[in-house]
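*Asks:* Chains as they are written, first to last, in this note's numbering: chain A, 22 to 417; chain B, 22 to 417.
Can you read through this structure? Questions will come right after.
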């Protein structure tokens with residue numbers, strides 16, 4: 022079975038609700054996909070993800086190609102069986118890692134030569150190899166190899182990367198052998214309106230079953246993100262899912278949905294959990310704060326997650342301060358559950374025609390992290406990722 | 022309710038099966054108690070422990086006194102509520118940590134002055150303070166403050182430490198205020214037969230509801246352990262549970278049970294799991310080994326643990342090599358389950374009068390870790406513990 026996508030509410034622009042049917046199950050959209058970089062959503066079991074109602078997870082081709090190797094995963098029955106996750110999976114193409122994390126050695130029209138962060142060995146990703154690798158992994162949705170230009174790229178650089186991305190998208194499709202994986206093309210074009218427009222039109226003409234929107238949320242100002250997103254989305258076919266890569270804060274999820282995005286992923290909820298930052302209705306709660314030492318309340322009153330049902334802020338703070346792994350687990354559960362529940366409420370609001378009201382009410386009570394602080398955090402995180410990509414999650 | 026202990030099979034010496042009834046539930050004996058140093062059995066939730074059939078866990082007074090502080094735990098409803106574990110808990114007295122991990126500053130008949138490994142601050146443990154602390158924590162079973170002499174201690178040293186331990190045991194009992202906690206005395210006496218004999222007799226005369234046997238399994242030869250244990254046990258009242266502190270390998274558990282021990286604890290199953298060492302019927306399986314790269318079998322065929330029911334050796338090896346927290350969780354589950362299941366089988370064998378046969382059959386198929394390697398591992402671990410006691414578990 023190949024993927025199908027039914028739009029249940031919404032049109033080309035504005036909020037949409039749909040149902041994506043993949044070989045391993047249904048995915049109600051809009052959807053947030055937790056990231057399982059190395060075939061595990063960090064700290065959690067598949068059972069815990071399923072219990073929270075997570076319909077789909079993402080895994081990183083770059084990491085799995087290097088370790089344990091796609092052949093190992095294939096011989097063990099594919100990614101679903103390997104990691105014990107029976108529901109849909111999306112794998113990225115590895116492009117973002119290779120281009121963003123400093124492993125890049127040389128890019129040509131053929132592909133990209135890079136060094137492994139594990140052992141320094143040289144590897145070459147071509148569109149054909151990336152497709153073969155993703156076919157060995159066996160996800161429901163696979164992504165074309167793209168070149169992600171940095172936000173400060175010049176027009177010429179962004180144009181060259183975009184043109185290469187288009188050629189690679191065609192080669193990826195030509196290289197596809199399996200009939201049970203949906204291949205998404207990825208729109209690029211940097212921060213330039215005419216390039217974004219050209220990229221969306223070119224990929225739309227190639228008639229992919231879905232579209233990734235890459236090269237956004239990589240450090241540019243938020244206004245630029247949403248402007249580039251609008252230019253892109255207007256030119257994508259309304260009956261195909263749009264996947265905005267790398268978005269995951271509540272306020273950005275709401276904005277992306279308002280602009281017509283169907284799918285998102287981000288390491289944010291899992292990464293910040295391991296730093297003691299918890300997403301709550303009012304913003305963020307930092308469990309390290311001394312004010313929680315004696316606090317017997319759950320992270321958030323009324324939250325239905327396992328952690329809030331069983332443990333106090335004081336206990337979580339103790340676990341975090343004492344560097345106990347259980348603390349990282351319990352805080353990850355809360356953050357992932359928060360976003361799953363937020364997506365459920367968002368979808369319901371869209372289906373009932375009251376999304377704008379829902380968004381306004383949510384944002385009225387929610388204090389987003391200062392964009393400047395967010396940008397600084399992300400820059401620090403990317404710098405650390407370049408040092409040791411294993412110990413942290415890698416954004417897609 | 023105070024604790025009761027019913028002996029169902031066995032007498033003074035030799036294997037015994039019993040039922041210990043504590044305020045928070047029943048504990049079938051012989052029992053292995055997983056260690057939850059900082060109010061968490063490392064990496065696991067209370068639900069996971071309960072699902073495996075763990076009847077009782079241990080927590081460390083030294084660690085909880087320093088962080089988060091016994092008053093915090095008490096204000097949050099006591100240790101059971103704080104950590105979400107409704108079944109029985111035993112807290113040690115903190116003596117082992119203070120005497121063994123190099124935090125010791127000065128010992129006197131009053132008590133022991135030591136430095137916190139967390140912030141270097143000075144603290145003083147007296148029998149009275151240790152009792153007050155354990156009453157704030159609220160475990161079902163609490164231990165008297167003891168002085169644990171090192172295995173190489175001279176006769177005079179061991180005798181002085183023993184005499185002090187006896188005086189502290191009396192003071193602990195005099196200091197007891199709560200009526201719902203069973204206070205165990207701890208036998209010391211180093212590696213000297215007449216001291217062990219004297220210590221057991223002295224403490225037996227004090228009529229404690231149970232007895233810890235301390236200062237063994239601290240680096241001495243195994244023959245010495247069992248000889249000292251026999252001398253001790255012969256002089257303890259048969260109707261009281263005997264708790265051999267710090268024993269946890271399958272072969273040592275079997276030997277201890279054969280010698281009449283009812284309770285044991287050790288960080289071994291949880292600590293070695295985090296190093297990739299898995300306890301199996303034939304001995305140990307090191308998940309790091311390249312031979313498991315493609316191995317789709319569970320850790321152990323026929324094992325009923327969650328990990329073996331869901332994941333392959335290849336996946337566990339991948340998680341371990343990729344330094345994923347989920348790997349530490351899944352391997353910890355297997356090792357704890359192995360010991361829980363072993364204890365269940367041991368108890369059944371005792372009740373059916375075939376323990377010797379069970380032990381012989383188990384050992385015929387089991388390759389214990391070389392005692393010299395074990396001793397070297399333990400020495401390395403103690404040295405590391407002195408450096409950073411948080412990051413590893415502390416033996417009681």
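Heads up, the beta-carbon is just placed ideally off N, CA and C, and yes, glycines get one too.
Since this is a predicted model, take the numbers as computed values, not measurements.
Mind reading off the beta-carbon distance from residue 349 (chain A) to residue 294 (chain A)? Whole number of angstroms is fine, and I expect it under 8 Å.
*Replies:* 7 Å
*Asks:* Buried or exposed for residue 92 (chain A), please, with buried defined as at least 16 other CB atoms from any protein chain shown within 10 angstroms of its CB.
*Replies:* exposed
*Asks:* With 16 as the cutoff for other CB atoms within 10 Å, does residue 269 (chain A) come out buried or exposed?
*Replies:* buried
*Asks:* Below 8 Å on the Cβ atoms is my guess for residue 55 (chain A) versus residue 40 (chain A); work out the distance and round it to an integer in Å.
*Replies:* The Cβ separation is near 19 Å, so there is no contact.
*Asks:* Skipping 5 residues on each side, what residues in its chain have a beta carbon closer than 8 Å to that of residue 248 (chain B)?
*Replies:* 214
*Asks:* At the level of alpha carbons, what is the spacing between residue 344 (chain B) and residue 322 (chain A)?
*Replies:* For residue 344 (chain B) and residue 322 (chain A), the gap between their C-alpha atoms comes out near 34 Å.
*Asks:* For the alpha helix (DSSP H) that contains residue 193 (chain B), what are its first and last residues?
*Replies:* From DSSP, the alpha helix (DSSP H) with residue 193 (chain B) extends over 176-196.
*Asks:* Can you give the Cα-Cα distance for residue 103 (chain B) and residue 332 (chain A), rounded to whole angstroms?
*Replies:* 7 Å
*Asks:* When the cut-off is 8 Å and only beta carbons count, does residue 255 (chain A) lie next to chain B?
*Replies:* no
*Asks:* Could you check which residue in A:82, A:167 and A:179 has the C-alpha nearest to that of residue 233 (chain A)?
*Replies:* A:167
*Asks:* How many angstroms separate the CA atom of residue 80 (chain B) from the CA atom of residue 284 (chain B)?
*Replies:* 15 Å
*Asks:* Determine the direct distance from the alpha carbon of residue 38 (chain B) to that of residue 250 (chain B), and round the result to whole angstroms.
*Replies:* Roughly 18 Å separates the two Cα atoms.
*Asks:* Just the chain A side, please: which residues come within less than 8 Å of residue 335 (chain B) by C-beta, in chain order?
*Replies:* 89, 93, 97 and 103
*Asks:* Quick check on residue 34 (chain A): does DSSP put it in helix, strand or coil?
*Replies:* coil
*Asks:* In chain A, what lies closer than 8 Å to residue 347 (chain B) by C-beta?
*Replies:* 61, 63, 64, 65 and 66
*Asks:* From residue 77 (chain B) to residue 125 (chain B), what distance separates their C-alpha atoms?
*Replies:* 30 Å
*Asks:* Counting only Cβ-Cβ distances shorter than 7 Å, please list the residues of the stretch 339-370 of chain A near chain B, keeping chain order.
*Replies:* 339, 340, 342, 343, 344, 345, 346, 347 and 349
*Asks:* What is the rounded straight-line gap between the Cα of residue 180 (chain B) and the Cα of residue 51 (chain B)?
*Replies:* 30 Å
*Asks:* Quick check on the DSSP output: the alpha helix (DSSP H) that includes residue 271 (chain A) runs from which residue to which?
*Replies:* 271-279
*Asks:* Grab me the residues of residue 25 (chain A)'s own chain with a C-beta within less than 6 Å of its C-beta, minus the 5 sequence neighbours each way, in chain order.
*Replies:* 42
*Asks:* In the structure shown, what three-state DSSP assignment does residue 47 (chain A) receive?
*Replies:* Looking at residue 47 (chain A) - three-state DSSP - the assignment turns out to be strand.
*Asks:* Between the stretch 149-171 of chain A and chain B, which residues of the former have a C-beta closer than 8 Å to a C-beta of the latter?
*Replies:* none
*Asks:* Output yes if chain B places a C-beta closer than 8 Å to the C-beta of residue 331 (chain A); else output no.
*Replies:* Taking Cβ atoms only, chain B reaches closer than 8 Å to residue 331 (chain A), which makes this a yes.
*Asks:* Hey, quick one: how far does the beta strand (DSSP E) through residue 306 (chain B) stretch, first residue to last?
*Replies:* Counted as a single uninterrupted DSSP element, the beta strand (DSSP E) harbouring residue 306 (chain B) occupies residues 304-307.
*Asks:* Ends of the alpha helix (DSSP H) at residue 108 (chain A)?
*Replies:* In the DSSP assignment, residue 108 (chain A) falls outside any alpha helix (DSSP H) and carries neither an H nor an E.
*Asks:* I need the DSSP call for residue 368 (chain B), collapsed to helix, strand or coil.
*Replies:* helix
*Asks:* Run through chain A and tell me which residues come within less than 8 Å of residue 315 (chain B), C-beta to C-beta.
*Replies:* 93, 96 and 97
*Asks:* Closest Cβ-Cβ distance between residue 399 (chain A) and chain B: below 8 Å?
*Replies:* So no, residue 399 (chain A) is outside the interface.
*Asks:* Which residue or residues does DSSP assign as beta-bridge partners of residue 40 (chain B)?
*Replies:* B:27 and B:49
*Asks:* Is residue 386 (chain A) helix, strand or coil when you go by DSSP?
*Replies:* helix
*Asks:* Look at the alpha carbon of residue 334 (chain B) and the alpha carbon of residue 188 (chain B), and state the distance between them as a whole number of angstroms.
*Replies:* CA-to-CA, the gap between residue 334 (chain B) and residue 188 (chain B) works out to about 52 Å.
*Asks:* Whole angstroms is fine: what's the gap from residue 171 (chain B)'s alpha carbon to residue 385 (chain B)'s?
*Replies:* 33 Å
*Asks:* Which same chain residues, not among the five before or five after residue 416 (chain A), have their C-beta less than 6 Å away from its C-beta?
*Replies:* The pLDDT assigned to residue 416 (chain A) is 40, lower than 50, so where the model puts this residue is not dependable; a value taken from the coordinates is nonetheless given after this. The residues are 267 and 288.
*Asks:* Between which two residues does the alpha helix (DSSP H) holding residue 326 (chain A) run?
*Replies:* Here residue 326 (chain A) belongs to no alpha helix (DSSP H), and DSSP marks it neither H nor E.
*Asks:* For the beta strand (DSSP E) containing residue 206 (chain B), list its first residue and its last residue.
*Replies:* 203-208
*Asks:* Could you name the residues of the same chain whose beta carbon sits closer than 6 Å to that of residue 264 (chain B), not counting the 5 residues immediately before and after it, in chain order?
*Replies:* 233 and 284
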